[in-house]
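Inspection log for the structure reproduced underneath, given as structure tokens.
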Amino acid sequence: MSQASQMLFGSEEPQRAVPVLVPVPADRPYSYAVPVGMAVEPGSIVQVPLGPRQVAGVVWDGETEVINPAKLREITKLFDCPPLQPAMRRFVDWVAAYTLSPPGLVVRMALRAPAAFDPEPMMEGFRFAGVSPERITPARARALELAASMPHWTRSGLAHAAGISAAVVDGLIKHGSFEPVALPPHPAVPLPDTTYGRAELNAEQISVADSLRAATVNADYGVTLLEGVTGSGKTEVYFEAVAAALDAGRQVLILLPEIALTQAFIDRFHTRFGAPPAEWHSDMPPRMREKIWRQAAEGRVRVVAGARSALFLPFRELGLVIVDEEHDPAYKQEERTFYHARDMAVVRASLEKVPVILASATPSVESRVNASQGRYEHLRLQSRYEEAALPDLSLVDLRRHPPARGRFVSPVLLTAIEQTVARGEQALLFLNRRGYSPLTLCRACGYRFHCQQCSTWLVDHRLRGQLSCHHCGHTEKRPESCPECGTMDHLVACGPGVERIAEEMLERFPNSRTVLLSSDLPGGPKRMRRELEAIADGGADIVIGTQLVAKGHHFPLMTLVGAIDADLGLANGDPRAAERTFQLLHQVTGRAGRSGRASRGLIQTWQPEHPVMQAIASGDEERFYERELAERERAGMPPFGRLSAIIVSAATRREAEDYGRALRAAAPDDGGIDVLGPAEAPLAVLRGRHRFRLLCQGSRQESMQVFLRRLFAAAPRPRGSVQVQIDVDPQSFL
DNA sequence: AGCACGCCGACT
DNA sequence: GTCGGCGTGCTC
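Take the first sequence: its letters are residues -1 to 732, numbered as in the numbering used here.
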């Protein structure tokens, strides 16, 4: 309340003040005065003055202490918008506490649709007034006949439906045959119809679908791990749980890794439910974003399929959460607020008291452990859909069958490619390395091209004529001479990237159609989609791709998959390296054999005895998971929790160092914490340095969270932005 | 996170 | 003599 109005009312009573969470890194809500006559409640979305600007915030729970009444400012406006539900507010608090980030920054993720807080404007429509105009034309007759069949119309809607021009409708409005009405805004997507395209499921699928449906109808928190090999119909099966939630009048959230948000998924959903789901991801048009946010809050949107940020949508009556490809590393957000969307989805489901389904062909080790310990229900789909058979997998020992000098494809694989192409089928060569070559060196002086900022090797991108750093994005022109000794034409590429494999295929099979797929190819997603469609239609013989070919695309003619350097990624020091490699190889070999024809997978490796290679070749996944667990146990890394990194970065380097000293003083002397300046921290994560194990003392069950809490209580966070990455399983804290 | 205030290099 | 780089501090 302003000074003037206080004098006007002459009141001695202090105004009512409420806590408001504003989207800044404050670790508690600020206090704002409630203007007389404004009815706010916890969850209300309000506009408040903050410094020089107006921001949207959320009225939070609890009482507020007004620290300095002179500073108290008034709420500017209460938005006409559904309040944030209690479960959602608890979720924000939970995520903030868990990630040790200020709640204000977490609530910001839930408010990322600025224009959505005001209601969408009503649309201008009209209805038939029962009066016919004096002059009737065929067009008018058609319009009037149609108009009477429905309660209301929009101008363009009627014109389109009647096959007449909008001018005819205008004329009828003018003559009073139609009277205007305000219509609710268009729905973002049509309502899904759960009876629309029921899939025909086999006996195994029906039994799994029944379990999922039962869990959904039960409408209480519970996690189900749905494990099904590629092509086993996982999606169709969990769609039955989606249908059950919709029939029960609840909303559904389907999380997908960003890359899997493809037209293919949308199409499958459309086929089952007669309408597409609402999409939610980072590069959506702002208008659509706002519409979906608003309609999710109002309950008008029933299903959202989205990337990890969809987790923060304000659903009104959430009934089911699905995390597809739950093992996918894209669920980890590693900037600003660090969180793992799969884990936070479990948390949200728990707070909303709804079931959650984690689906994958290759579950993460931690989910498998949760399942085996009985915290998750474990459902499996063992058989592949219809005639689709699993490919026949074998290892190619590169020591026994080495490629020719300066080449990277083994004679064994070359022969297989030749035979495949001769049969009119397709071969897929997978190599998870973009560019032409990961290292360029000078044969004259031994100089290695490296990034000035990161000291990592520069990757040769020959198609673009550039050397580029995959860590910081730095690029430079590919030089002719050595920058160290100046010698011309003595630069040599070491090791393969996909471009180099493509070159090798063009040389070896000049009459075959070779296609290169890589995320950095010119033309963007549109061109990529065209290429994928062309391949599916048989427009290529040999396809060479990075890990993007492992995800979700259906290539019916693909009967051979070759992994060029399957060991790549096993030796990079990542504690999850084996797991990641296993998942990637499993997925990419699953691309073959979906046509019912006999298919093969050949995996080139220098270490055929490695457990990952053995597991892939034998198909014995159980053994792999058991080994991986034992391995983590041996290394002192429990199956989940306490594994991984904590990266702390303060606003300035000096502050970071002061803070580091305080933290180390509070921590046991295992040196498990590293404190970095703001510029270094993200880079360090990327480079895979600074991965520390935090030794929690005591029992296995003692959580990292408890440890961190103690730590942070002992050394309060400095001002500025402190980022903490925690990579543990939140199950232990629910 | 924004945004303003404030103190040292290359320019109309 | 100024424009502007981003380091530092604040927002109820």
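Glycine included, every Cβ here is placed at the ideal spot set by N, Cα and C.
Annotated three-state conformation of Pro67 is helix, per DSSP.
Around the C-beta of Ala628, fewer than 16 other C-beta atoms lie within 10 Å, and the residue is accordingly described as exposed. For Val586, there is no enclosing beta strand (DSSP E); the residue is found in the alpha helix (DSSP H) stretching over Ala575 to Thr587.
Shown here, Met486 sits in a strand according to DSSP, grouped into three states.
Contact annotation: Val559 and Ala590 have beta-carbon atoms nearer than 8 Å.
Within its own chain, the residues whose Cβ lies closer than 8 Å to the Cβ of Asp191, once the five positions on either side in sequence are excluded, are Phe271, Gly272 and Ala273, listed in chain order.
Looking at the DSSP output, Glu177 sits in a beta bridge with Arg125. The beta-carbon separation of Pro609 and Ala576, rounded to 7 Å, stays under the 8 Å limit for a contact. Under the three-state reduction of DSSP output, Ala31 falls in the strand class. Assigned with DSSP and collapsed to three states, Trp604 falls in coil, not helix or strand. The DSSP assignment places 496 to 506 as complete runs of the alpha helix (DSSP H) inside the stretch 454 to 519, in order along the chain (cut-off: 4 residues). By the criterion of a C-beta distance shorter than 6 Å, Leu356 is surrounded in its chain by Leu223, Val321, Glu324 and Ser365, once the five residues flanking it on both sides are discounted. Taking all protein chains in view, the Cβ of Ile73 is crowded by 16 or more other Cβ atoms within 10 Å, so the residue is classified as buried. Rounded to whole angstroms, the gap between the alpha carbons of Thr152 and Phe176 is 11 Å.
Judged by DSSP in its simplified three-state form, Asp395 adopts strand.
Cβ neighbours of Leu181 within its own chain (closer than 8 Å, five residues either side excluded): Met120, Met121, Glu122, Gly123, His150 and Thr152.
The beta-carbon separation of His376 and Glu482, rounded to 57 Å, does not stay under the 8 Å limit for a contact.
For Ala347, the closest alpha carbon among the candidates Leu70, Gly317 and Ala137 is that of Gly317. Here the alpha carbons of Leu48 and Ala31 stand approximately 13 Å from one another.
Under the DSSP definition of a beta bridge, Ile540 partners with Ala425 and Thr512.
Within the DSSP secondary-structure output, Leu356 pairs in a beta bridge with Leu223 and Val321. Ile65 has its alpha-carbon roughly 43 Å from the corresponding atom of Glu277. Proximity to Val302 across Ile252, Phe263 and Ser408 peaks at Ile252, based on C-alpha coordinates. If you ignore the 5 residues before and after Arg71, its C-beta comes within less than 8 Å of the C-beta of Tyr30, Ala31, Val46 and Pro47, all in its own chain and listed in chain order.
Between Leu429 and Asp563 the beta-carbon gap is near 6 Å, inside 8 Å, which marks them as a contact.
Closest by C-alpha distance to Val354, out of Ile162, Leu210 and Gly60, is Leu210. The Cβ atoms of Leu411 and Leu568 do not sit closer than 8 Å to each other. If you ignore the 5 residues before and after Tyr445, its C-beta comes within less than 8 Å of the C-beta of Leu439, Cys480, Pro481, Glu482 and Cys483, all in its own chain and listed in chain order. At a Cβ-Cβ threshold of 8 Å, Val104 and Gly174 do not count as neighbours. Residues of the same chain with a CB within less than 7 Å of the CB of Arg138, apart from the 5 flanking positions on each side, are Pro131, Val166 and Leu170 in chain order. When Cβ pairs closer than 8 Å are counted between the two stretches, the stretch 463 to 477 is seen not to touch the stretch 382 to 402, the count staying below three.
Nearest in C-alpha terms to Pro81, of all of Leu109, Ala538 and Gly41, is Gly41. The closest CA to that of His184, considering only Ala159, Arg140, Pro117 and Glu198, is found on Pro117. When the beta-carbon positions are compared, Gln612 and Ser408 stay at least 8 Å from each other.
One Cα belongs to Glu478, the other to Phe447, and the distance between them is close to 12 Å.
Around the Cβ of His552, a 10 Å sphere holds fewer than 16 other Cβ atoms; the residue is exposed.
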